[in-house]
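Just below is one structure, and these are the notes that go with it.
Protein chains in written order, with our numbering: chain A, 118 to 618; chain B, 794 to 1031.
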């Protein structure tokens, strides 16, 4: 809660000439920021409670509301910013760890924005995706070392397990519990419709959603919530969560207050009990131990499912990925420091981990240098905002990307970063029934499919412009990238040339 | 059905077990991993020493081991029974949700970490000897009983029950364990506690041919979490 001497960050501005006192804003705000003054017969606002989620603004039938950042400031100081001062005051008041959500919002460099794509001119003509075939399908999983032929010269088709995607995008892990049932259903149906995968996250899989199994990645994390034989065999692939970009090195903690009803049933823990995922898997202290979990999951499913190992992008990510590639895993998912979360200590979210662009490029290079890049597919996640980011990630060496935050924005999220309060006014990061029903999965999944289709077309246009007609030819194709405003070290790590070279 | 594990390797052996429709006896077991992963109905008897991750995700089957077992036995076990006529390695019963594990001898470090219970699923581990440190770390449900049949001193290591937020640990000992973290409260087991252990102790004694009177000769200490939500006050909403 706010300290007594902190002025609210946002002000609710009401145009009283337009306001009809219909009290819709009051009903829509789960934070109680709008109050109806019966004696004065007018609406009032409590700015302290506003999280700037825009729900009231969007629902006001007469457009009488807007939320503005306050212009009330501390005495100007470029070192002791208002943010630093307020954080100290909050902690002095409570003695607690600052808890926040979604991804790192700070001003670290965004390498995607310093990389530009190529296009064909005169030679190597560009391709028009509306009129010519363009392949966006990708297969994730281990690839054989070489082509083997039988005595008649026919190729022996004995490929390891793969998952097939219509485009190089998957919906990343968000657990049922951190997000609502309606949000989960929207993700599942969108994945099925678009021919891609969504990921259960670590909270188990709701009984109703088992039917989307072909488009489901089931996750196994240190807490093992809702993990059992049927869960494992229902997914198209199994992901072992070792880490998460938003909070590398720390575990998860879904408070007991959110373990209610179907969440309790799906996680298979009693109502009201904390769901704690320890920071490490306490049975994994080495690559050999990881390999043991990889193979125990393969054994559990009779070698019918590819295994993904998800890690956060951290300093030695290339060496770690090399170990994972040798552990028997089929796919490595790397989550950059911009990756979102339903709750994380703000200090961890904002100061731990590295950008996905650098992590991805160095992992791809390391695995190629060691001659083991074909053993695993790479999925890059953590801050993918657009189809241009997807194309750049693939050219930096990814087979595919994970999107989480972008998917939630398609479902209605306005990025107020208050998921951890459990009072999401858009029905996404909440379990309150009255709020959950605000997100209609029939509407939600279509919005997601729209987004995916739009991105798919943009990906084809960008590829076509480069004269490339298949994702396979784009992967790791760094000649298609040029840096702007990057120093030599950054260019070296990314493995790209500077614009003009 | 009898199978010799000799020279089969884990994968072929496990394929055979997966295909088995009747009870199976494995001879000459020597480090083969992942035995009985997800197994649901049969009884698997193992003569020898199975390798790591035996009985992972076990879903109702019974595994009897005439020998020692290694690490990560019963990982994420959902239902069934594992009987070990010897010692167990580290991380026994990790995140186990249901079923029973009975060990005649000792168990290693990190026994019963993050065990949890749900409705009629209530996992139980009984260790006849002693256990290493970090017993029942992050315990969220179920019951762990350590008997220390051969021990004079308290039969558990350090940091028992760190992060515990559910479930119960019972330790048969004349003295309470040392170095308990602040999430754990310790008291002597009362009649109600003894009653809740009775079924498992009787079955344990029966399984290994021990005398229940001998087991009940010493007092039991009861370790319980001192709050259901140990981390509730840690955060400042921002």
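Note that the Cβ used here is the ideal one computed from N, Cα and C, for glycine as well.
Neighbourhood of residue i by C-beta, 6 Å cutoff - its chain only, sequence neighbours within 5 removed
{"i": "residue 334 of chain A", "result": "314, 316, 352, 354 and 356"}
{"i": "residue 903 of chain B", "result": "883, 884 and 927"}
{"i": "residue 891 of chain B", "result": "871, 872, 914 and 916"}
{"i": "residue 344 of chain A", "result": "337"}
{"i": "residue 176 of chain A", "result": "141 and 145"}
{"i": "residue 118 of chain A", "result": "Only weak support is given to the placement of residue 118 of chain A: the predicted model assigns it a pLDDT of 48, under 50, and the question is left unresolved by the model."}
Reduced DSSP secondary structure (H/G/I, E/B, other) of residue i
{"i": "residue 805 of chain B", "result": "helix"}
{"i": "residue 628 of chain A", "result": "Coverage of chain A is limited to positions 118 through 618, which leaves residue 628 of chain A absent and any answer about it impossible."}
{"i": "residue 406 of chain A", "result": "helix"}
{"i": "residue 366 of chain A", "result": "coil"}
{"i": "residue 199 of chain A", "result": "helix"}
{"i": "residue 1013 of chain B", "result": "strand"}
{"i": "residue 595 of chain A", "result": "helix"}
{"i": "residue 859 of chain B", "result": "strand"}
{"i": "residue 135 of chain A", "result": "coil"}
Beta carbon of residue i nearer than 8 Å to that of residue j
{"i": "residue 835 of chain B", "j": "residue 848 of chain B", "result": "no"}
{"i": "residue 260 of chain A", "j": "residue 594 of chain A", "result": "no"}
{"i": "residue 283 of chain A", "j": "residue 258 of chain A", "result": "no"}
{"i": "residue 497 of chain A", "j": "residue 477 of chain A", "result": "yes"}
{"i": "residue 371 of chain A", "j": "residue 294 of chain A", "result": "yes"}
{"i": "residue 950 of chain B", "j": "residue 976 of chain B", "result": "no"}
{"i": "residue 393 of chain A", "j": "residue 366 of chain A", "result": "no"}
{"i": "residue 869 of chain B", "j": "residue 895 of chain B", "result": "no"}
{"i": "residue 215 of chain A", "j": "residue 1029 of chain B", "result": "yes"}
{"i": "residue 164 of chain A", "j": "residue 129 of chain A", "result": "yes"}
{"i": "residue 115 of chain A", "j": "residue 852 of chain B", "result": "Limits of chain A in this structure are 118 at one end and 618 at the other, which puts residue 115 of chain A out of reach."}
Cutoff 7 Å; reference residue i; Cβ partners in own chain excluding five residues on either side
{"i": "residue 522 of chain A", "result": "219, 220 and 457"}
{"i": "residue 619 of chain A", "result": "The requested residue 619 of chain A does not occur in the structure, where chain A is confined to residues 118 to 618."}
{"i": "residue 585 of chain A", "result": "591"}
{"i": "residue 601 of chain A", "result": "231, 233 and 616"}
{"i": "residue 406 of chain A", "result": "400"}
Proximity winner among the options, relative to residue i (alpha-carbon distances)
{"i": "residue 449 of chain A", "options": "A/380, A/191, A/427 and A/577", "result": "A/427"}
{"i": "residue 342 of chain A", "options": "A/384, A/388 and A/130", "result": "A/384"}
{"i": "residue 797 of chain B", "options": "B/839, B/1029 and B/997", "result": "B/839"}
{"i": "residue 509 of chain A", "options": "A/524, A/539, A/181 and A/228", "result": "A/228"}
{"i": "residue 200 of chain A", "options": "A/223, A/179 and A/211", "result": "A/223"}
{"i": "residue 1000 of chain B", "options": "B/893, B/799 and B/863", "result": "B/893"}
{"i": "residue 1011 of chain B", "options": "B/931, B/964, B/888 and B/814", "result": "B/964"}
{"i": "residue 806 of chain B", "options": "A/135, A/419, A/213 and A/579", "result": "A/419"}
{"i": "residue 440 of chain A", "options": "A/471, A/265, A/452 and A/483", "result": "A/483"}
{"i": "residue 168 of chain A", "options": "A/435, A/147 and A/132", "result": "A/147"}
{"i": "residue 612 of chain A", "options": "A/475, A/505 and A/256", "result": "A/475"}
{"i": "residue 412 of chain A", "options": "B/830, B/810, B/795 and B/815", "result": "B/830"}
{"i": "residue 817 of chain B", "options": "B/837, B/924 and B/802", "result": "B/837"}
{"i": "residue 401 of chain A", "options": "A/442, A/358 and A/193", "result": "A/358"}
{"i": "residue 820 of chain B", "options": "B/843, B/811, B/814 and B/812", "result": "B/843"}
{"i": "residue 182 of chain A", "options": "A/481, A/573, A/502 and A/160", "result": "A/160"}
{"i": "residue 525 of chain A", "options": "A/511, A/554 and A/562", "result": "A/562"}
{"i": "residue 453 of chain A", "options": "A/443, A/460, A/462 and A/432", "result": "A/432"}
{"i": "residue 537 of chain A", "options": "A/461, A/555 and A/468", "result": "A/461"}
{"i": "residue 374 of chain A", "options": "A/128, A/547, A/580 and A/170", "result": "A/547"}
{"i": "residue 906 of chain B", "options": "B/997, B/939 and B/954", "result": "B/954"}
Limits of the unbroken alpha helix (DSSP H) element including residue i
{"i": "residue 1000 of chain B", "result": "984-1001"}
{"i": "residue 552 of chain A", "result": "550-553"}
{"i": "residue 574 of chain A", "result": "558-582"}
{"i": "residue 475 of chain A", "result": "473-486"}
{"i": "residue 400 of chain A", "result": "Where residue 400 of chain A is concerned, there is no enclosing alpha helix (DSSP H), given that its DSSP letter is neither H nor E."}
{"i": "residue 215 of chain A", "result": "It is not in any alpha helix (DSSP H) - residue 215 of chain A instead sits in the beta strand (DSSP E) that spans 214-217."}
{"i": "residue 979 of chain B", "result": "Element bounds for residue 979 of chain B: not the alpha helix (DSSP H) but the beta strand (DSSP E), 977-981."}
{"i": "residue 434 of chain A", "result": "434-442"}
{"i": "residue 467 of chain A", "result": "463-468"}
{"i": "residue 821 of chain B", "result": "Per DSSP, residue 821 of chain B belongs to no alpha helix (DSSP H); it is in the beta strand (DSSP E), 817-823."}
Any non-hydrogen atom of the ligand SAH closer than 7 Å to residue i Cβ
{"i": "residue 863 of chain B", "result": "By its list of ligands, the structure shown contains no ligand whatsoever, and the ligand SAH lies outside what it can speak to."}
Boundaries of the beta strand (DSSP E) in which residue i is found, first to last residue
{"i": "residue 936 of chain B", "result": "933-939"}
{"i": "residue 176 of chain A", "result": "Segment 172-176 is the alpha helix (DSSP H) holding residue 176 of chain A; no beta strand (DSSP E) there."}
{"i": "residue 317 of chain A", "result": "Run containing residue 317 of chain A: none; DSSP gives neither H nor E here."}
{"i": "residue 128 of chain A", "result": "127-131"}
{"i": "residue 918 of chain B", "result": "917-920"}
{"i": "residue 959 of chain B", "result": "959-965"}
{"i": "residue 522 of chain A", "result": "Careful: residue 522 of chain A lies outside any beta strand (DSSP E), inside the alpha helix (DSSP H) at 522-527."}
Same chain, Cβ closer than 8 Å to residue i, five either side skipped, listed in chain order
{"i": "residue 189 of chain A", "result": "124"}
{"i": "residue 850 of chain B", "result": "830, 831, 868, 869, 870 and 871"}
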